[in-house]
Amino acid sequence: MAAYLLRRLLEVVLILFGVSVITYLLLYLLPADPVRQIAGRSASQETVESIRRQLGLDLPVYQQYWRYLTGLLHGDLGRSYIQRSEVSALIAGRLPASLQLMVAGILAELVLGLSMGIYSALHRNSSTDNALMVIAFIAVSAPQFVVGILLLYVFAVKLGWFPIGGYGDLRHVILPALTLGIMGAGWYSRMMRSSMLNVLEQDFIRTARAKGLSRFRVIARHAVPNALLPVIAMIGFDIGIFMSGIVVVESVFGWPGIGQLTWQAIQRVDIPIIMGVTLIAAFFIVMGNLLADIVALFMDPRIKLK
Amino acid sequence: MTILRAVLRRKLALFGLVVIVLAVLAALLAPWIAPADPYRQFFDGLTLQGAPLPPGGDFILGTDLLGRDLLSRLIHGARTSLVIGVAANGIAVMIGSLIGITAGFFRGLPGALLMRFTDLMMAFPALLLAIVLAAIFKPSLWIVAMVIALVNWVQVARIMYTETVSLAERDFIAAGVSLGASRARLLFRHIAPHLLPSVIVFGTLGISTTVLLEATLSYLGIGVQPPTPSWGNIIFENQTYFASAPWLVFFPGLAIIILALAFNLVGDALREILDPTMKGKF
Numbered sequence: 119m120a121a122y123l124l125r126r127l128l129e130v131v132l133i134l135f136g137v138s139v140i141t142y143l144l145l146y147l148l149p150a151d152p153v154r155q156i157a158g159r160s161a162s163q164e165t166v167e168s169i170r171r172q173l174g175l176d177l178p179v180y181q182q183y184w185r186y187l188t189g190l191l192h193g194d195l196g197r198s199y200i201q202r203s204e205v206s207a208l209i210a211g212r213l214p215a216s217l218q219l220m221v222a223g224i225l226a227e228l229v230l231g232l233s234m235g236i237y238s239a240l241h242r243n244s245s246t247d248n249a250l251m252v253i254a255f256i257a258v259s260a261p262q263f264v265v266g267i268l269l270l271y272v273f274a275v276k277l278g279w280f281p282i283g284g285y286g287d288l289r290h291v292i293l294p295a296l297t298l299g300i301m302g303a304g305w306y307s308r309m310m311r312s313s314m315l316n317v318l319e320q321d322f323i324r325t326a327r328a329k330g331l332s333r334f335r336v337i338a339r340h341a342v343p344n345a346l347l348p349v350i351a352m353i354g355f356d357i358g359i360f361m362s363g364i365v366v367v368e369s370v371f372g373w374p375g376i377g378q379l380t381w382q383a384i385q386r387v388d389i390p391i392i393m394g395v396t397l398i399a400a401f402f403i404v405m406g407n408l409l410a411d412i413v414a415l416f417m418d419p420r421i422k423l424k
Numbered sequence: 003m004t005i006l007r008a009v010l011r012r013k014l015a016l017f018g019l020v021v022i023v024l025a026v027l028a029a030l031l032a033p034w035i036a037p038a039d040p041y042r043q044f045f046d047g048l049t050l051q052g053a054p055l056p057p058g059g060d061f062i063l064g065t066d067l068l069g070r071d072l073l074s075r076l077i078h079g080a081r082t083s084l085v086i087g088v089a090a091n092g093i094a095v096m097i098g099s100l101i102g103i104t105a106g107f108f109r110g111l112p113g114a115l116l117m118r119f120t121d122l123m124m125a126f127p128a129l130l131l132a133i134v135l136a137a138i139f140k141p142s143l144w145i146v147a148m149v150i151a152l153v154n155w156v157q158v159a160r161i162m163y164t165e166t167v168s169l170a171e172r173d174f175i176a177a178g179v180s181l182g183a184s185r186a187r188l189l190f191r192h193i194a195p196h197l198l199p200s201v202i203v204f205g206t207l208g209i210s211t212t213v214l215l216e217a218t219l220s221y222l223g224i225g226v227q228p229p230t231p232s233w234g235n236i237i238f239e240n241q242t243y244f245a246s247a248p249w250l251v252f253f254p255g256l257a258i259i260i261l262a263l264a265f266n267l268v269g270d271a272l273r274e275i276l277d278p279t280m281k282g283k284f
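Respectively, the protein sequence lines represent chains A and B.
Note that the numbering used here has the first sequence beginning at 119, numbered continuously upward.
Note that the numbering used here has the second sequence beginning at 3, numbered continuously upward.
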């Protein structure tokens, strides 16, 4: 087990290294010149060149990357070109808002998805089951920006129940969290339904019924916990989807998280921020996948370590 | 044919198929069935105060902020969604299958390297990668399709790899080997036919993901560029006024959802039909 973990962690490091190389090369290929963005349109050629030297952007790309990598190993993500601040400080400042949104989003998708899935499985092939599965299909077919704008229109503009975007108390987080979670709720409801149907056919459920346990007890104590495990194990994979999702959701709702930070950085060619966010996101994604694998390992001892 | 008949027997899949056929017809016949030129700014397409016209009246679905006919822009937008959806997903499935099957069939060092590269690509947040790629190349219809393909092949590669590896360990392959079949014969006559169902399923389901990603990129302003109409960029252009002109978000949004839903329904039905062991699973 320890050897397996060590090998997987080594893989994480290698993947992050690969991500940093690819991202660096891609950003180097950007046609927009970051120095022009910093200096402004009216700056003289000398100013532009002196800024270029100052940032080390006149060096060949492998030297630039080497400088970046050595900084990275010392925990330094560099300084933003536009906002005169450390990238790590900028990300750290925005991370709490994004994490709050993501946790709320996961809660939303689990509560909606799991309850829909359990209900559907218990009323298999009823008209409600069919309707719920159609809803699940619609949920996975709806782009987040459309869901977000429509939720804003109905619940903020027309009904006035929630504020129109912004960040603050619980009322601000509900619509963005729903927007982020609806697509996942669709997936989870389908997974939970099939997992429940699978468990309900097992012998131990028949045994529990034969013992004379109440229907509620059989479902709540025996069926649901067992059906839940393989579904919960998927949460690790959500992180990648959410890392993409927050860019859109934060932009629709004006949520001050790393999604917005990235989006602004891309528009202003603020390369250190794009680099930093990509690395942080990749770190979360790889750790999420690792977590999902480890959870699967603990749940099912039959999975052999390679 | 039997597959088509099986699809037609399922109500939801039939609905999806009808939607897809209608969307394809709309895209092909756009210049003839659209009530107006999608680029024309009508003088009477705005109110006296310069606001867009609501649905009903001369313009069936209303007009946009520039006084253009929304229905005509939606019909022409179907071209964008379908061309990108089919092309980008086709390329993604091709790249993914090629890499996944090669890695699974040949194993060894080349296989390991290909799969490590796939793992690496999985670590990128898809949208972020697409945004950076879209910023590098100047967005046009085909560039957007390429960008989406470059992001979406990864999942296909993983699944094709797993399937190829498990097929290669089956008895009939061992039998083929002992009968002296060449590697090419094993690959094309014995393994490839078993992978075809997955290719068909991904070829359909993936279009839904692609349509959504194109819409999202266009909504962020880095996909298909205005004035070329795309359902995503119609919302991008008009979103600031969604509170007073909600139809400019509602109708294009509905179009995206229905088209993505259609491909999901048909793809899901195909999966059930082609792989009965997956029945009832997600």
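Built from N, CA and C at the ideal position, the CB exists for glycine as well.
- 7 Å or more divides the Cβ of R212 of chain A from the Cβ of I337 of chain A.
- For a cut-off of 8 Å, the C-beta gap from A132 of chain B to H78 of chain B is around 23 Å, too long to register as a contact.
- Contact between G269 of chain B and V167 of chain B is absent: CB atoms are separated by about 24 Å, not below the 8 Å threshold.
- Annotated three-state conformation of L408 of chain A is helix, per DSSP.
- When CB distances to chain A are screened at a threshold of 7 Å, the residues of the region 187 to 211 of chain B falling below it are S210, in chain order.
- Not one beta carbon of chain A lies nearer than 7 Å to the beta carbon of P57 of chain B.
- Residue ranges of uninterrupted alpha helix (DSSP H) with 4 or more members, entirely inside the region 201 to 285 of chain A and ordered along the chain, are 205 to 240, 245 to 259, 262 to 269.
- In this structure the region 244 to 257 of chain B does not touch the region 190 to 197 of chain B; the number of beta carbon pairs closer than 8 Å is below three.
- In this structure, the alpha-carbon of G208 of chain B lies about 42 Å from that of T325 of chain A.
- Residues are counted here when their Cβ sits less than 9 Å from a Cβ of chain A; for the region 119 to 139 of chain B these are F119, D121, L122, M123, M124, A125, F126, P127, A128, L129, L130, L131, A132, I133, V134, L135, A137, I138, F139, given in chain order.
- Note on the region 122 to 179 of chain B: whole alpha helix (DSSP H) runs with a minimum of 4 residues are 128 to 138, 143 to 170, in chain order.
- Rounded to the nearest whole angstrom, the C-alpha separation of R202 of chain A and A383 of chain A is 13 Å.
- By the criterion of a C-beta distance shorter than 6 Å, A226 of chain A is surrounded in its chain by A295, L296, G299, once the five residues flanking it on both sides are discounted.
- DSSP lists no beta-bridge partner residue for L177 of chain A.
- Chain A has a Cβ within less than 7 Å of the Cβ of P248 of chain B.
- Here S83 of chain B is buried, its C-beta having at least 16 other C-beta atoms within 10 Å.
- From the listed residues A:W373, A:L408, A:D151, A:K329, the smallest Cα separation to F355 of chain A is found for A:L408.
- Across the structure, S232 of chain B and A105 of chain B are spaced so that their CA atoms are roughly 37 Å apart.
- Counted as a single uninterrupted DSSP element, the alpha helix (DSSP H) harbouring T380 of chain A occupies residues 376 to 385.
- Pairing I138 of chain B with L288 of chain A gives a Cβ-Cβ distance that is not under 7 Å.
- Check the Cα spacing between L195 of chain A and each of A:G302, A:S245, A:I392: the tightest is with A:I392.
- Taking 7 Å as the cut-off, the Cβ atoms of L222 of chain B and H196 of chain B do not count as close.
- Residue state for P56 of chain B is assigned as coil, using DSSP reduced to three classes.
- The continuous stretches of alpha helix (DSSP H) do not include I62 of chain B, and DSSP gives it neither H nor E.
- Between G98 of chain B and A159 of chain B, the C-beta spacing is below 7 Å.
- Residues of chain A whose Cβ lies closer than 8 Å to the Cβ of V251 of chain B are, in chain order, V264, I267, L268, Y271.
- Annotated three-state conformation of R197 of chain A is strand, per DSSP.
- Among the CB atoms of chain A, none fall inside 7 Å of the CB of Y243 of chain B.
- Excluding residues up to 5 positions away in sequence, L272, I275, L276 lie with their Cβ nearer than 8 Å to the Cβ of I5 of chain B in the same chain.
- Against chain A, the CB of G110 of chain B has no partner CB under 7 Å away; the residue lies outside that interface.
- Counting along the chain, the unbroken alpha helix (DSSP H) around K13 of chain B starts and ends at 13 to 30.
- Q51 of chain B is classed as exposed because its beta carbon has fewer than 16 other beta carbons within 10 Å across all chains shown.
- Residues of the same chain with a CB within less than 6 Å of the CB of Q157 of chain B, apart from the 5 flanking positions on each side, do not exist.
- For the pair V153 of chain B and A136 of chain B, the CB atoms are not nearer than the 7 Å cut-off.
- With respect to chain B, the C-beta atom of P261 of chain A has a partner C-beta closer than 7 Å.
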